[in-house]
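Enquirer: First to last, the sequence lines map onto chains A and B.
Per our numbering, the first sequence runs over residues 1 to 284.
Per our numbering, the second sequence runs over residues 1001 to 1356.
For each residue, glycine too, the CB sits at the ideal point set by N, CA and C.
Since this is a predicted model, take the numbers as computed values, not measurements.
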Amino acid sequence: MTLATSTTKTADFMSPSTGPSSGSRLYWAMADVLTITKRNLIRFRRTPDALFFSTVQPIMFVLLFRYVFGGAVKLGGTLPTGAKLPYVDFLMAGIFAQSISFGGIGTAVGLAEDLQTGLIERFRALPMARFAVLAGRTIADLVRNVFVIVVMTAMGALVGFDFPTGGLAFIAAVALWLVFAYALLWGFAVIGLSASNSETAQVIAFPILFPLLFASPAFVPVYDMPGWLQGFVTHQPLGVLIDATRALMVGGPTASLVGQSLAWIVGMFAVLVPIAVWRYRERS
Amino acid sequence: MSYAIEAEGIEKTFGGDVRALDGVSFAVEEGTVFGLLGPNGAGKTTAVRILTTILAPDGGRGRVLGHDVVSEAVLVRRLIGLAGQNAAVDPYLTGRENLTMVGRLNRLSHEVVAQRAGELLEQFGLVDAANRPLKTYSGGMRRRLDVAAALVARPPVLFLDEPTTGLDPHSRSDVWGMIEGLVGGGTTVLLTTQYLEEADRLARRVAVVDRGRVIAEGTPEQLKADLGTTVLDVGLADAATAERAAQVLAQTATRAPSVVGSMVELPVDDGPRAAMEVLRLLDRHALSPTVFRLREPSLDDVFLSITGKPTEEGSEDGASPVDVPRTDGKGRRSRRRPGKSRQVSATSPDGGARAR
Ligand SMILES: Nc1ncnc2c1ncn2[C@@H]1O[C@H](COP(=O)(O)OP(=O)(O)OP(=O)(O)O)[C@@H](O)[C@H]1O
Ligand SMILES: [Mg+2]
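1) Pull up the distance between the alpha-carbon of Q1194/B and that of D1233/B, whole angstroms please.
2) Threshold first: 3 residues or longer. Then list the beta strand (DSSP E) segments lying entirely within the region 1160 to 1237 of chain B, N to C.
3) Alpha carbon to alpha carbon, how far is A135/A from L272/A? Give it in angstroms, no decimals.
4) Which residues bound the beta strand (DSSP E) around S1258/B?
5) Within the same chain, show all residues whose beta-carbon is closer than 7 Å to that of L1021/B, passing over the 5 residues directly before and after it, in chain order.
6) Give me whichever residues DSSP pairs with L85/A in a beta bridge.
7) Determine, using beta carbons only, whether D1090/B comes closer than 8 Å to chain A.
8) Would you say F52/A reaches chain B, if we count a Cβ-Cβ gap shorter than 8 Å as a contact?
9) Leaving aside the five residues before and after A993/B along the sequence, list all residues of the same chain whose C-beta is less than 7 Å from its C-beta, in chain order.
10) Apply the 10 Å Cβ neighbour rule to A11/A and answer buried if 16 or more other Cβ atoms are within range, or exposed otherwise.
11) At a cut of 8 Å, does the region 1177 to 1196 of chain B reach the region 1067 to 1075 of chain B through at least three beta carbon pairs?
12) By DSSP, does G1062/B sit in helix, in strand, or in coil?
13) Going by DSSP in three states, Y27/A sits in which element: helix, strand or coil?
14) Any C-beta of chain B within less than 8 Å: which residues of the region 175 to 189 of chain A qualify?
15) Just to confirm before moving on: does the CB-CB distance between V1214/B and A1203/B stay below 8 Å?
16) Confirm the yes/no value for this check: CB of M197/A, any heavy atom of ligand 1, distance under 7 Å.
17) Give a yes or no on contact between the region 164 to 171 of chain A and the region 246 to 258 of chain A, applying the rule of three or more CB pairs nearer than 8 Å.
18) Hey, T47/A and Y1092/B are a contact pair by Cβ (cut 8 Å); roughly how many whole angstroms apart?
19) Is the CB of G1084/B under 8 Å away from at least one CB in chain A?
20) Please find out if some non-hydrogen atom of ligand 2 comes closer than 7 Å to the beta-carbon of K1012/B.
21) Closer than 6 Å by C-beta to G156/A: which residues in its own chain qualify, once you throw out the five before and the five after it? Chain order, please.
22) Looking at the structure shown, is S1334/B part of a helix, part of a strand, or coil, going by DSSP?
23) What first and last residue would you give for the alpha helix (DSSP H) that runs through V266/A?
24) Indicate the three-state DSSP secondary structure (helix, strand or coil) for M128/A in the structure shown.
25) For a test of the three-state rule: what should DSSP assign to S54/A, helix, strand or coil?
26) Using the beta-carbon of each residue, which ones in chain C are nearer than 9 Å to L1093/B?
27) Does E121/A come within less than 8 Å of chain B when only Cβ atoms are used?
28) Just to make sure I have the definition right: I need the residues of chain A whose C-beta is within less than 7 Å of the C-beta of E1097/B. Which are they?
29) Using a Cβ-Cβ cutoff of less than 6 Å, which residues in the same chain neighbour R1144/B once the five nearest sequence positions on both sides are dropped?
30) Taking only beta-carbon atoms, is R144/A less than 8 Å away from chain B?
31) State the DSSP-derived secondary structure class of S99/A, mapped to helix, strand or coil.
32) Is D1174/B buried or exposed, if buried means 16 or more other CB atoms sit within 10 Å of its CB?
33) Taking the C-alpha atoms as reference points, what is the distance between K1224/B and A1274/B?
34) Which partner residues does H1067/B have in the DSSP bridge list?
35) Please state whether the Cβ-Cβ distance between P1289/B and P1267/B is less than 8 Å.
36) Alpha carbon to alpha carbon, what distance is there between G118/A and G1035/B?
Structural data, given as structure tokens:
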């Protein structure tokens, strides 16, 4: 059974096949997730240019809206201090929305690429936990999202955002965005697993993202939009998240909006994770 | 006799009408190399994917060391190693990182993985490149690392889908030596290949697959024995002359001679006697040969004689990939390009354009 060159403990190699207990099954499943996560993080480290440019686009949006379009937007709100709401404070939630939604394209493209190159083919013939391929990918992409959020926070501070509701509320807003981002990444995973190649994955992602991001209160207040559109804008997931985190970051009633956000997040997990797993199983 | 790999009437249809496998059966004895040979699109990769649990068959069953590849897929995955047709490695990871990743996903401990990675990098001559990302590797190095990754967990059953495609002759014989070493240690290997020479050299038994069916099975010797003991190659000035010569020489051959470009290939029984007879006939018909050679029949000739279709040779180093365009009409011999040792006709109609 073993090779001529076999000098090491055969028992070590055979141990996985001696019916693992459920405890060790869980241990190995977690180890698989960690292995795939590590692999994807190494890729980020080896392609610093890609990481750099994933922050360039949101930075350009900050500058564009802060200095070009911002002046033309009429805001009605006020800060908790009673002062008139400056556009830069309004903008922060929109920038997070933009960074997180566009950041997910990498998940779709990456998965489509792994399918294309045959790496996932190899994974399928390994005794690993199958969901680890998706979990490891999404976790690594979440880490990238954290990085982008940190950069965007610094960028916001640089152009005049001064955390009017304090650090704690701001951290709560960031946390909400990250949980939402993780749910959204499973949606991008579905796209990546459905596309025939990585270019297609990108092409599919854009038309889904655009209406969500721009038919939203990300960059302009909703009250100038036509009534029929306002209904969509204020209830679609990205719109709800923007309103909730904006309330957390600049003031206003939060409870109902945060509740709605959590409802969307739970709903997205409940729908997107099973679809992604199903797509992964079916795809051959 | 116990079989390490069994395929029983495996069927697979893609998209409703592409019949990739149409009832494929074969069995591989433990500790031997089995060669799966066939032209592009024959269904070799599909068979490998089903036997390695990647794809579910529509009908029939596959077993690895007695375990069903569908109902006991998880167990089967612990027993197999796979180096697929496309080098399935991560170009951004180093050689060592790739091996470590696969080792960990094979559920080996960190210590064992580190040791195995070191051993394999050494064995495959990749020590110097161990800490470089794979995208800096040459095609051959990448291929070697891919095969190494299939060996990390020392699987008792190994699937190699065209393991030496794209390797130079030196790396190819390295991989061959490695496979022979593995089999010496008891590993069972299922090998698909486009190189007939490779199956001839490595495989104890060979199955020739065409359009999803096994059309011949046996030892390389048995397959060759079907043909005649010797092949006489006679090269002529051009294809038209060769056609004429084939008619003239047909009476000396054990079966119909084939014309490949400007070459006539005659399967004969008694080589030297046939050679004299052929020379006499050529002389009598005022045909002068440019090439005249007796040789052992290759699996290439076997494929030709079974399917009536030629194989197409696409590499410069003498090995013979099977590569028959599906649309090609039966018996259209002129698509085959002569190999290294044969004369290459400049007017060869396929002009060197290969489908792959
Ligand atoms: N996923 C798929 N979807 C649709 N058709 C497929 C798929 N995989 C294979 N086929 C078809 O099934 C047939 C057999 O393909 P397969 O890849 O098994 O051939 P092969 O013998 O490995 O060929 P090659 O020597 O080119 O690798 C081909 O006609 C191919 O087009
Ligand atoms: Mg193939």
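Expert: This is what the structure gives:
1) Residue mapping note: residue 1194/B aligns to position 194 of the second sequence, counting from 1. Residue mapping note: residue 1233/B aligns to position 233 of the second sequence, counting from 1. Going from the Cα of Q1194/B to the Cα of D1233/B covers about 22 Å.
2) 1188 to 1193, 1205 to 1210, 1213 to 1218, 1230 to 1235
3) On the first sequence, residue 272/A is found 272 positions in, with the first residue counted as 1. On the first sequence, residue 135/A is found 135 positions in, with the first residue counted as 1. Roughly 13 Å separates the two Cα atoms.
4) For the purposes of this step, residue 1258/B is identified with residue 258 of the second sequence, where counting begins at 1. Element bounds for S1258/B: 1258 to 1260.
5) Position 21 of the second sequence, counted from the first residue, corresponds to residue 1021/B. Answer for L1021/B: I1010, E1011, K1012, G1043, T1046, A1047, G1212, listed in chain order.
6) Taking the first sequence and counting its residues from 1, the one referred to as residue 85/A is at position 85. Partner(s): none; L85/A has no beta bridge.
7) In the second sequence, counting from the first residue as 1, residue 1090/B sits at position 90. Output row for D1090/B: interface = yes.
8) As a working note, residue 52/A is residue 52 in the first sequence. Closer than 8 Å: no.
9) Coverage of chain B is limited to positions 1001 through 1356, which leaves residue 993/B absent and any answer about it impossible.
10) Along the first sequence, one-based indexing puts residue 11/A at 11. Because A11/A sits at a pLDDT of 36, beneath the cut-off of 50, its placement in the model cannot be relied upon, and the point is left open.
11) no
12) The residue labelled residue 1062/B in the question sits at position 62 within the second sequence. Three-state result, G1062/B: strand.
13) By 1-based counting over the first sequence, the position of residue 27/A is 27. Helix.
14) none
15) As a working mapping, residue 1214/B is identified with position 214 in the second sequence. As a working mapping, residue 1203/B is identified with position 203 in the second sequence. No, Cβ-Cβ distance for V1214/B and A1203/B is not below 8 Å.
16) The residue you call residue 197/A lines up with position 197 of the first sequence. It should be noted that the sequence gives Asn, not Met, for residue 197/A. Checking the Cβ of N197/A against ligand 1 gives no.
17) yes
18) Position 47 of the first sequence, counting from 1, holds the residue named residue 47/A. Position 92 of the second sequence, counting from 1, holds the residue named residue 1092/B. Confirmed, about 7 Å.
19) Here residue 1084/B is taken as the residue at index 84 of the second sequence, counted from 1. Interface residue, yes.
20) One-based indexing of the second sequence puts residue 1012/B at position 12. No - ligand 2 has no heavy atom lying nearer than 7 Å to the Cβ of K1012/B.
21) Sequence index remark: in the first sequence, residue 156/A carries index 156 (1-based). Excluding sequence neighbours, G156/A sits near M92.
22) Locating residue 1334/B in the second sequence gives position 334, where the first residue counts as 1. Residue placement at S1334/B is poorly supported in this model, since its pLDDT is 34, which falls under 50; the coordinates still yield a value, given next. Helix, per DSSP.
23) Residue 266/A sits at position 266 when you count from the first residue of the first sequence. Unbroken alpha helix (DSSP H) run through V266/A: 255 to 282.
24) As a working mapping, residue 128/A is identified with position 128 in the first sequence. It is coil, neither helix nor strand.
25) The residue you call residue 54/A lines up with position 54 of the first sequence. Residue state, collapsed to three classes: helix.
26) Protein chains in the displayed structure are A and B, and chain C is not among them.
27) Taking the first sequence and counting its residues from 1, one reaches residue 121/A at position 121. Cβ-Cβ to chain B under 8 Å: yes for E121/A.
28) Here residue 1097/B corresponds to residue number 97 of the second sequence, with the count starting at 1. In chain order: I42.
29) By one-based count along the second sequence, residue 1144/B stands at place 144. Around R1144/B: F1124.
30) Within the first sequence, numbered from 1, the residue matching residue 144/A stands at position 144. With 8 Å as the cut-off, R144/A does not count as an interface residue toward chain B.
31) Taking the first sequence and counting its residues from 1, the one referred to as residue 99/A is at position 99. The answer is helix: DSSP assigns S99/A an H, G or I state.
32) Against the second sequence, residue 1174/B aligns to sequence position 174. Under this definition D1174/B is a buried residue.
33) Residue mapping note: residue 1224/B aligns to position 224 of the second sequence, counting from 1. Residue mapping note: residue 1274/B aligns to position 274 of the second sequence, counting from 1. Their Cα atoms are separated by approximately 18 Å.
34) By one-based count along the second sequence, residue 1067/B stands at place 67. According to DSSP, H1067/B bridges with V1064/B.
35) For the purposes of this step, residue 1289/B is identified with residue 289 of the second sequence, where counting begins at 1. For the purposes of this step, residue 1267/B is identified with residue 267 of the second sequence, where counting begins at 1. Result no, Cβ atoms of P1289/B and P1267/B do not sit closer than 8 Å.
36) For the purposes of this step, residue 1035/B is taken as residue 35 along the second sequence, with counting starting at 1. For the purposes of this step, residue 118/A is taken as residue 118 along the first sequence, with counting starting at 1. C-alpha separation (whole angstroms): 22 Å.
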